[in-house]
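Below: one structure, written as structure tokens.
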Amino acid sequence: MRLLILALFAFSTVNGLIINNTNKTCDAHSEFDCNGDGKKCVPLDWKCDHVEDCENGRDERNCNYIHECPPGLMACGSGECVAHEFKCDGDQDCSDGADERHCQESESHFINMLQVRHHAMIEHFRRFEDRCDSPRFKCKSGQCISRDLVCDDSEDCLDGDDEAGCFIPHHQMFFSLSNASKPEEDKKEKEPHCQSGYIACPDSSICLPTIFMCDGEEDCEDGSDEKNCNIDDHLDEEDFMTGNIEIIQNCTAQGKFHCQAVDGQLPTCIPMNATCNGIRECPNGDDESMKCSECSTKHCDHSCLNSPHGARCVCQEGYKLDSDGLTCVDEDECAISGHNLCAHFCEDRIGKYVCRCDSGYTLDAEDGHTCRLTRGSHDGRLLVSIGSEIRQMALQDAQGTYTTVQRVSGHGASKSIDYLQKIDKIFMAIAHQNEPQDGELAVADKGVLRVLREKVAGIGHIAVDWIGNNVFFTQKAPAKHIGITVCRIDGLFCRWILQGREAPQTSSTLFGVSTAQQNYRGLAVHPLRGLLVWIDSFMGHNKIMAANMDGTDVRVIVENKLEYPSGLAIDYIRHDVYFGDVEMKIIERVNLDSKHRSVVVSQGVHHPFDLAVFNGFVYWSDWGSESLKAHQIAHHHDHSTTQTLHSYNRFPYGLAVNHSMYQPQSTSNPCQFLNCPWICVIVESQPNIASAKCICPDAYKHSILDNTCVPPNEQERMEIAGNLSHVSAALMAEYCDAGVACKNGGKCEHLKNEHGRVHQIQCQCPEPFDGEFCERFNPELDKLLREREATGALWALVLIALLIVAFVAIVLYLVCVQREATLDAITCARIRVDNMARSAESAAGPIVNKVKNIAGIGGGAEKSPRAGIYQTNVNFVDETHQDQQLPRGDQQRQLFMDSPSSFRNPIYDEVPATATYTQIGTESSGASPISGSGVIRFNSDGLF
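Numbers -16 to -1, 1 to 928, taken from mature numbering (1 follows the signal peptide of the UniProt record, and there is no 0), label the letters of the sequence shown in order.
In structure tokens form, the structure reads like this:
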């Protein structure tokens, strides 16, 4: 009601402004006259921006557009094209802010927003009505940012009012003073500005938390954070007592020399090349000590460097100092720091190294380290969810439009999204804030939203397996099944593969969330390796975890130096896992193979929610500044700055990349040759070699004797009905109309609630089939059916025998009464009786054999299954899959992918013919747990 009153008040106010506007004359220097009479005015900057702001469209006539945009899109002064409804919506969508310029002084555009976009107006008032919760800072634009972003020397508000009237903090003043004594050549060095509690890596734009220094792990690209760690030998007790130790550590980490403090002053830092030069730079001259001339007596292999602490030998690039401290030997840069030197791959050479790029990418000729797409990235898009809608924009180093591709209004808020490029569908996790038990797993296709699964309580992050055609998602309280679940992309079958932990009754909170509650702050899949990666947080302990896609072989990737990890992404070329940390305010990466860990971004990171990595850029949605950001990943001492792509007056959520090279295809798909009617997942059978595995859906039981999945009976189904999600009624109705819902002749049954509305559709299966969708051939039902058929056959034999006896009796009667008159009839009857007996014997033969088989009479081979019916025994790895067509199970699953609602984009489907990616093979027969073929193997599929 309050929003309605605000809307009516605004509408009446604006109408009043229209009337008053008739007495106003347009300012020729800043306004455009719509009617030529000076009565209707719009800002002059709005002329020729591809949006008709005048009612008669006069502001878009006779225009010579500098930037051409498709119809319905606004042209930004910076060259982008954004949807016209984003103009004056409170969010800066143009990089130059042109879409939000002059909005407060224009009434005509606000009227258009009220009349055309009344739903957006309500959202607009809701955003500005809500005040920023303490301790968040509210910008003039209505944007809410974290309090620690105020006066941090970086403008996070649209108008920069978070940096207005700020003073220079003490630690910043120190760095400014210390830099004043640098030589001119040293002042040209690009050094990052690090806030208190952080140190800068030399020749880099990375700032590290001071706790990362001298912790035994190299976090700087050159490992300088682990050098000179024994500085205690040069310190005295006064340095520790006065608190100068942090300043000295900063000097050491930056490769500088710290001057001794004099008369209670703060110690200063000077460049190492300013020492031992004959000029006293330090107040007491300790930079020109007696040890500055030791190089004359030291016989170094390459060169010698004097320092106040003594001479030391220095080797040329590509070589390292041997253990004798004098000799230089070849250094394998690729083995030591190749992960940071090259964008993709590193090859070692004598005294040097060479960078290589993956297929489809080209090495940058200028720097020799960066890899870029060979055919450009003009067809790529970045998708971002802002709750009520999903928008798309061009990737970095590309041009494109900024528009809305899917609205989620009426369903809740889309918190996490992923994109399946080969069928052009967006998968999303939709959460309901007031009713968390009513979460939804949905898919968007050409603007049409379809709910795959309903009643997905506590749904969080999702990730799509583009090879096995499955979607994974996390669930937390109030879900009955806390953990990670996998579903087929058609939504028909799901399996709870990883079990979470229950929170105790009393627990502390962090950022308003219980630290004892099982939380999953990120989820990603690596189908090329059959891996599932997630962020696990429970009882204040945080870990980066990995497992096979069936939930087995759970292991820890990272468990130290994690404060509040949030957001997860995978680089499928380098096999790096990227993750953010809210407390540390950094984004890191760790390699799945070498476990090498390094900081990638430290500037502009506040509260990352979701990450995406592609083509040398890392993207993240930042809750701290309510914005979408991007950072070019630096290599070999390159410097890169964080860019704010878009700012919002609400939280941005999930990210997804739409590009033909983002989801590399394997040379083979193990699930394609596995006859699994339920859920087929890819698992790692050998290092870097994946195979297929068939797993049973929720509530199904694995039968060891029959080697199949047994569905629950009616009583079991009723007991678990409230704990599991189910296929949405609307989607099930579509499947029923298309004939792909109930298999093997099953019929769709509509279940209605107390209001007479259909709330669920289930399958009625003909014998001998059962299962949720009549997908399983039941041998026990088939045996009962055969017994009933045999019993009926016995009764038929008895009836035929009685008819024959009655016929013979009648003939005998006629013979006795009229012997002579019926001689000819007897002869004819005898022939007919013989023929009837032979026919009866021929017809009853198969039935008698059935009776013998049921009774166990006679021998012979074991009976084969019915013709036209395939057994639902399953085999994990089909060793004879070469040159075979898709089995029946995959043909049924393919109906979803090739349904009339799907379409393909030929631009995005192009993949270079020469592209090579990690090959997915099949498990060898020698490693198979069960020998033989034609039977699906079930390994241990217990919950973690």
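The C-beta atom is built at its ideal place from N, Cα and C for all residues, glycine as well.
If you draw a straight line from the Cα of Gly588 to the Cα of Ser188, it comes to about 15 Å. For Met58, the number of other beta carbons within 10 angstroms of its own is at least 16, and it is reported as buried. Distance from the Cα of Asp606 is smallest, within the candidate group Pro27, Thr628 and Ile815, for Thr628. Excluding its 5 nearest sequence neighbours in each direction, His416 has C-beta neighbours in its own chain below 7 Å: Gly396, Asp422 and Gly423, listed in chain order. According to the DSSP assignment, Ile541 belongs to the beta strand (DSSP E) that extends over Arg539 to Val542.
Per DSSP, the unbroken beta strand (DSSP E) holding Asp402 starts and ends at Ala397 to Leu404. The beta carbon of Phe791 is closer than 6 Å to none in its chain, skipping five residues each way along the sequence. Going by beta carbons, Tyr337 and Glu350 fall outside the 9 Å limit.
Under the three-state reduction of DSSP output, Glu373 falls in the strand class. Burial is judged here by how many other beta carbons sit within 10 angstroms of a residue's own beta carbon; Ala674 has at least 16 and is buried. Secondary structure at Glu572: strand, using DSSP grouped into helix, strand and coil. Apart from the 5 residues on each side of it in sequence, Gln76 sits with its Cβ closer than 6 Å to the Cβ of Glu84, Leu142 and Ser631 in its chain, given in chain order. Per the C-alpha coordinates, the member of His643, Cys732 and Ile666 positioned closest to Gln746 is Cys732. Taking Lys275 as the centre and dropping the five residues before and after it, the same chain places the C-beta of Asn290, Ser291, Pro292, His293, Gly294 and Ala295 closer than 8 Å to its C-beta, in chain order. Look at Pro549 here: in three-state DSSP terms it is strand. The stretch 293 to 365 contains, as complete beta strand (DSSP E) runs of 3+ residues, the segments 296 to 298, 303 to 305, 312 to 314, 329 to 333, 336 to 340, 345 to 347 and 355 to 357 (chain order). Here Phe16 has Val26, Leu28, Lys31 and Asp43 as same chain residues with Cβ atoms under 6 Å from its own Cβ, once five neighbours each way along the sequence are excluded. The residues Glu202, in chain order, have a CB closer than 6 Å to that of Glu210 in the same chain once the five nearest residues on each side in sequence are set aside.
Of the candidates Gly144, Ala67, Ala676 and Ser125, the residue whose Cα lies closest to the Cα of His86 is Ser125.
The beta carbon of Leu305 sits closer than 7 Å to those of Cys297, Cys299 and Cys312, all from its chain and outside the five residues before and after it, given in chain order.
For Ile704, no beta strand (DSSP E) run applies; the uninterrupted alpha helix (DSSP H) run containing it begins and ends at Glu698 to Ile704, by DSSP. Closest in alpha carbon position to Ile466, among Gly371, Asn707 and Gly730, is Asn707.
Taking 9 Å as the cut-off, the Cβ atoms of Arg356 and Gly600 count as close. Residue pairing from DSSP places Tyr504 in a beta bridge opposite Asp520. Partner residues in the beta bridge of Pro592, as assigned by DSSP, are Asp606. Secondary structure note for Met529: its beta strand (DSSP E) is the uninterrupted segment His525 to Asn532. At a Cβ-Cβ threshold of 9 Å, Thr354 and Ala327 count as neighbours. A straight-line Cα-Cα distance of about 53 Å links Ile815 and Cys726. The alpha-carbon of Ser372 is positioned some 15 Å away from that of Phe411.
Going by beta carbons, Ile663 and Arg479 fall inside the 9 Å limit.
The three-state secondary structure of Trp30, taken from DSSP, is helix. Val246 and Pro267 have their C-alpha atoms spaced approximately 7 Å apart.
According to DSSP, residue pairing for His510 in a beta bridge involves Leu515. It is roughly 15 Å from the alpha-carbon of Asn324 to the alpha-carbon of Glu315. If you draw a 10 Å sphere on the C-beta of Tyr603, you find 16 or more other C-beta atoms in it, and that means buried. For Met716, the enclosing alpha helix (DSSP H) begins and ends at Ala713 to Ala722.
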